[in-house]
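Worksheet: one structure, shown below.
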Amino acid sequence: MRDASAQDLPLTVPPVPPPEQHDPPGAHQRKGAVEGSATWSLSDRIGLAICWALGLLFCAIAVAIVVYLLVQGIKFLRPEMLWTPAAAGFSETETGGFSDALFGTLIVAAMGIAIALPIGVAIAVWLVEYGRPTALARVTESTIEAIAGIPSIVLALFGTVIFSSTALGFLSRSSEGVVFGRSFFAAATMLSLVALPLIVASVREGLNSIPRHVREASYAVGKTKAATTRRILLPTCRPQVATGAMLGLGRIIGDTAIIVVLLGATQNFAPVEGVGFPFNYLRGAGTTLTNFVYEASPTGNLNQPQKAYAAAFVLLLMVLALNAAVDIVHRRARKVGTWSH
Amino acid sequence: MESLTPGTSEFRVAINPEGSRQPASPPPIRRIPLEDPAPATEVLPPVGGDADLPQQGSGFTAAKRSIKAPQFSIRRMEIDNVSVHYGAKEAVKSVSLPVRQGEVLSLIGPSGCGKTTLLRSLNRLTELTSSATLTGRILLDDVDIAAIEPTLLRRRVTMVFQQPNPFPMSVFDNIAYVLREQGSRRARKKTLEPAVHSALDRAGLFEEVKDNLDHPALKLSGGQQQRLCIARALAAEPEVLLLDEPCSALDPKSTQVIEDLIVRLRDDVAVVIVTHNLQQAYRIADHVAFMYLGDLVEYNSATALFGSPREQRTREYVSGAFG
Numbered sequence: 161m162r163d164a165s166a167q168d169l170p171l172t173v174p175p176v177p178p179p180e181q182h183d184p185p186g187a188h189q190r191k192g193a194v195e196g197s198a199t200w201s202l203s204d205r206i207g208l209a210i211c212w213a214l215g216l217l218f219c220a221i222a223v224a225i226v227v228y229l230l231v232q233g234i235k236f237l238r239p240e241m242l243w244t245p246a247a248a249g250f251s252e253t254e255t256g257g258f259s260d261a262l263f264g265t266l267i268v269a270a271m272g273i274a275i276a277l278p279i280g281v282a283i284a285v286w287l288v289e290y291g292r293p294t295a296l297a298r299v300t301e302s303t304i305e306a307i308a309g310i311p312s313i314v315l316a317l318f319g320t321v322i323f324s325s326t327a328l329g330f331l332s333r334s335s336e337g338v339v340f341g342r343s344f345f346a347a348a349t350m351l352s353l354v355a356l357p358l359i360v361a362s363v364r365e366g367l368n369s370i371p372r373h374v375r376e377a378s379y380a381v382g383k384t385k386a387a388t389t390r391r392i393l394l395p396t397c398r399p400q401v402a403t404g405a406m407l408g409l410g411r412i413i414g415d416t417a418i419i420v421v422l423l424g425a426t427q428n429f430a431p432v433e434g435v436g437f438p439f440n441y442l443r444g445a446g447t448t449l450t451n452f453v454y455e456a457s458p459t460g461n462l463n464q465p466q467k468a469y470a471a472a473f474v475l476l477l478m479v480l481a482l483n484a485a486v487d488i489v490h491r492r493a494r495k496v497g498t499w500s501h
Numbered sequence: 002m003e004s005l006t007p008g009t010s011e012f013r014v015a016i017n018p019e020g021s022r023q024p025a026s027p028p029p030i031r032r033i034p035l036e037d038p039a040p041a042t043e044v045l046p047p048v049g050g051d052a053d054l055p056q057q058g059s060g061f062t063a064a065k066r067s068i069k070a071p072q073f074s075i076r077r078m079e080i081d082n083v084s085v086h087y088g089a090k091e092a093v094k095s096v097s098l099p100v101r102q103g104e105v106l107s108l109i110g111p112s113g114c115g116k117t118t119l120l121r122s123l124n125r126l127t128e129l130t131s132s133a134t135l136t137g138r139i140l141l142d143d144v145d146i147a148a149i150e151p152t153l154l155r156r157r158v159t160m161v162f163q164q165p166n167p168f169p170m171s172v173f174d175n176i177a178y179v180l181r182e183q184g185s186r187r188a189r190k191k192t193l194e195p196a197v198h199s200a201l202d203r204a205g206l207f208e209e210v211k212d213n214l215d216h217p218a219l220k221l222s223g224g225q226q227q228r229l230c231i232a233r234a235l236a237a238e239p240e241v242l243l244l245d246e247p248c249s250a251l252d253p254k255s256t257q258v259i260e261d262l263i264v265r266l267r268d269d270v271a272v273v274i275v276t277h278n279l280q281q282a283y284r285i286a287d288h289v290a291f292m293y294l295g296d297l298v299e300y301n302s303a304t305a306l307f308g309s310p311r312e313q314r315t316r317e318y319v320s321g322a323f324g
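Keeping their order, the protein sequence lines are chains U and D.
Residue numbering for the first sequence is 161 to 501, as defined by the numbering used here.
Residue numbering for the second sequence is 2 to 324, as defined by the numbering used here.
Following this line, the structure appears as structure tokens:
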């Protein structure tokens with residue numbers, strides 16, 4: 161490479177003659193000089209090589225997981241597993257499917273995000289657009305960061321204290337004053353705390369990325385802060401709201417500790433008698449796919465590895481679908497365009 | 002690399018002319034002058050011809066003023082001894098100015114000299130900055146704007162910003178948003194259509210976008226976006242239109258379109274424009290106020306201020322001595 165040698169020479173060397181006279185035909189295909197790592201120092205080149213290798217390694221790990229689960233899942237997943245509840249039995253053929261776990265996951269995800277999304281968006285809007293008094297805003301920020309850092313098993317333990325109290329007996333199974341404290345309500349409420357910090361962070365990022373003059377343009381035609389937030393800011397942050405919700409859903413779907421402690425981790429729905437639908441199910445115990453995979457894995461109580469793979473495969477598909485949804489939302493947002501800063 | 006970057010061999014030659022390493026062919030870089038350049042000579046404007054041109058050697062040369070003298074002028078706003086502080090820093094110092102309909106008032110001056118702050122205080126946008134305090138009075142049709150509810154005031158005194166900032170919705174909805182009550186979605190598209198079309202028409206945009214009213218506004222060109230912002234500001238049927246360097250992000254062609262538009266608008270609304278571009282101020286303004294470090298140095302008609310400034314600082318600024 162000629163440009164590389166020109167770079168390496170000391171600064172005082174006169175500039176090389178114009179390239180047109182020396183370049184062989186065909187060398188003009190690439191216009192202008194491009195910086196390549198050939199001129200870098202050895203340590204920089206080694207660093208770059210390590211980055212490359214690590215990137216490839218992580219790609220390989222991800223591909224390995226997906227491919228392995230894909231193969232195992234396709235091998236063991238039978239469609240009827242999706243609508244057959246788990247049953248008692250001695251072999252994998254007798255124990256039914258995991259429909260209750262699948263529905264449990266869907267219920268918990270829907271309820272958890274239904275609680276977390278409005279609260280998370282509201283907190284983010286308050287933090288970015290109002291944030292007064294400042295001290296309270298700082299405290300709120302730290303609190304949310306703290307919640308994000310709490311292991312979910314600790315949240316679960318705290319949840320048992322709350323939901324076993326007599327005052328909240330109407331949210332779970334209770335008999336003769338004793339509150340069971342395990343129900344879809346209890347699990348979804350604590351799971352919403354797991355999703356909340358992700359939603360707040362994502363929406364805050366979205367709001368912060370809107371230039372100040374856009375808000376002012378709305379105020380400058382006589383709009384209130386509330387109207388601006390509803391009609392301009394939140395619609396603009398729709399992709400970030402969606403991203404936060406998807407990330408939150410991913411965390412809810414993937415959580416196991418709260419399910420074990422606060423949902424009872426039964427293999428089937430355990431509806432409460434004498435309560436109308438759907439509250440009999442929501443107040444009762446249940447299970448989710450993560451818990452089913454744990455129980456069905458060789459270390460679990462059920463020890464049905466084939467079903468564990470099948471359920472894990474379904475779980476993986478759900479998470480991949482969420483990722484794809486985030487991608488679509490962002491791609492659609494790009495079509496609307498954005499401001500020059 | 003064909004050409005060496007500045008600061009390499011050529012620079013060495015420049016600081017050490019006796020050196021033996023004279024490059025065979027000098028690379029195409031700018032030479033750095035070693036001694037002070039000769040003092041810039043004052044460029045006198047061409048004498049005679051257009052009566053509007055500056056006559057008294059202000060050092061300012063500008064394109065021909067093509068606008069006619071205002072047909073009428075009605076005093077709409079009165080800035081009375083206004084000072085604005087940001088914390089302890091005084092951004093605007095006791096400024097008094099009239100704002101008239103039928104005329105374009107231009108605020109000129111170097112960056113950070115309080116032009117934008119003064120402009121923003123006219124529709125109480127300064128209040129959004131918590132550290133800002135305003136003393137003095139600003140009257141809109143003889144009513145103190147402090148007594149007018151901000152949302153009502155901002156519909157009567159609307160503003161266009163430096164960066165084109167249409168809302169991320171369709172062209173139609175950008176205007177419709179202004180026409181609707183606060184956050185409401187009421188007033189159907191059909192009912193709003195005439196008002197939306199008229200606003201776009203007054204901003205000279207309707208012919209270009211009439212077939213794509215549903216397209217996202219942020220996909221328009223920069224100049225179209227800025228005219229959409231002007232249409233949005235006009236949709237509120239304001240009495241005063243504030244423009245904060247509306248052309249600084251635009252190409253010359255769009256700038257000219259917007260300048261023509263501003264001159265056309267001056268009969269319907271009082272126009273106040275902040276600009277860094279002296280030529281622009283000379284082209285479109287009827288009155289010009291020169292602000293320097295928060296002070297209003299000089300307020301005069303555009304021809305007088307550029308042609309024969311009364312103040313030394315104005316003369317220096319319009320001749321390009323600082324800024």
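Quick reminder that beta carbons are idealized off the backbone N, C-alpha and C, glycines included.
Under 7 angstroms between beta-carbons, which chain D residues line up against residue i? List them in chain order, please.
i	result
Arg391/U	Tyr178, Gly184
Val496/U	Pro169, Pro217, Leu219
On a CA-only basis, which of the options is nearest residue i? Give me that one, please.
i	options	result
His490/U	Ile307/U, Ile206/U, Gly404/U	Gly404/U
Leu244/D	Asn166/D, Glu128/D, Thr152/D	Asn166/D
Gly366/U	Ala274/U, Ile392/U, Leu202/U	Ile392/U
Asn461/U	Glu433/U, Ser500/U, Ala425/U	Ala425/U
Ile304/U	Ile313/U, Leu287/U, Pro293/U, Thr265/U	Leu287/U
Asp215/D	Leu201/D, Phe173/D, Glu194/D	Phe173/D
Ser364/U	Phe452/U, Pro399/U, Ala348/U	First, the residue type needs correcting, since residue 364/U is Arg and not Ser in the sequence shown. Nearest of Phe452/U, Pro399/U, Ala348/U to Arg364/U, Cα basis: Pro399/U.
Gly88/D	Ala133/D, Arg125/D, Lys69/D	Ala133/D
Leu407/U	Leu217/U, Ala282/U, Ala355/U	Ala355/U
Leu153/D	Val210/D, Pro310/D, Ser59/D, Leu180/D	Leu180/D
Ile176/D	Val85/D, Ser255/D, Phe61/D, Glu238/D	Glu238/D
Met271/U	Ala484/U, Pro438/U, Gln464/U	Pro438/U
Leu475/U	Thr326/U, Val453/U, Val496/U, Ala493/U	Val453/U
Tyr318/D	His288/D, Asn278/D, Ala286/D, Asp287/D	Asn278/D
Ile267/U	Ala346/U, Gln466/U, Gly434/U, Phe473/U	Ala346/U
Glu194/D	Gly184/D, Lys211/D, Glu182/D	Lys211/D
Gly115/D	Leu129/D, Gly103/D, Lys90/D	Lys90/D
Alpha helix (DSSP H) containing residue i: first to last residue?
i	result
Phe218/U	202-236
Thr294/U	294-309
Val258/D	253-266
Ala380/U	Counting along the chain, Ala380/U falls outside any alpha helix (DSSP H), and DSSP gives it neither H nor E.
Ala471/U	465-496
DSSP three-state call for residue i: helix, strand or coil?
i	result
Arg76/D	strand
Ile149/D	coil
Ala177/D	helix
Leu171/U	Residue placement at Leu171/U is flagged as unreliable, the pLDDT there being 47, under the threshold of 50; the coordinate-derived value follows with that caveat. The answer is coil: DSSP assigns Leu171/U none of H, G, I, E or B.
His198/D	helix
His373/U	helix
His86/D	strand
Val354/U	helix
Leu120/D	helix
Leu244/D	strand
Pro217/D	strand
Can you name the start and end residues of the beta strand (DSSP E) that residue i belongs to?
i	result
Val161/D	158-161
Tyr293/D	288-293
Glu299/D	296-302
Glu91/D	90-102
Arg138/D	133-141
Leu393/U	Segment: none, Leu393/U is in no beta strand (DSSP E) and carries neither H nor E.
What in chain U is Cβ-close to residue i, meaning under 7 angstroms?
i	result
Ala237/D	Val381, Gly382
Phe307/D	In chain order: nothing, as chain U lies at least about 30 angstroms away.
Asn124/D	Ala380
Closer than 9 angstroms by beta-carbon distance: list the chain U residues that pair up with residue i, in chain order.
i	result
Gln164/D	Pro371, His373, Val374, Trp499, Ser500, His501
Ala234/D	Ala377, Ala380, Val381
Going along chain D in order, which residues have a C-beta closer than 9 angstroms to the C-beta of residue i?
i	result
Pro395/U	Phe168, Pro169, Met170
Identify the contact partners of residue i in chain D, using a Cβ-Cβ distance below 8 angstroms as the criterion.
i	result
Ala386/U	Gln183, Gly184
Give the interface partners of residue i over in chain U, defined as CB-CB distance under 8 angstroms, in chain order.
i	result
Cys1/D	Beyond the ends of chain D as shown, which are 2 and 324, falls residue 1/D; an answer cannot be given.
Leu129/D	Glu376, Tyr379
Point to revise | Members of the stretch 147-159 of chain D that neighbour chain U once the beta carbon cut-off is set at 7 angstroms | key: Cβ contacts with chain U: Thr152, Leu153, Arg155, Arg156, Thr159.
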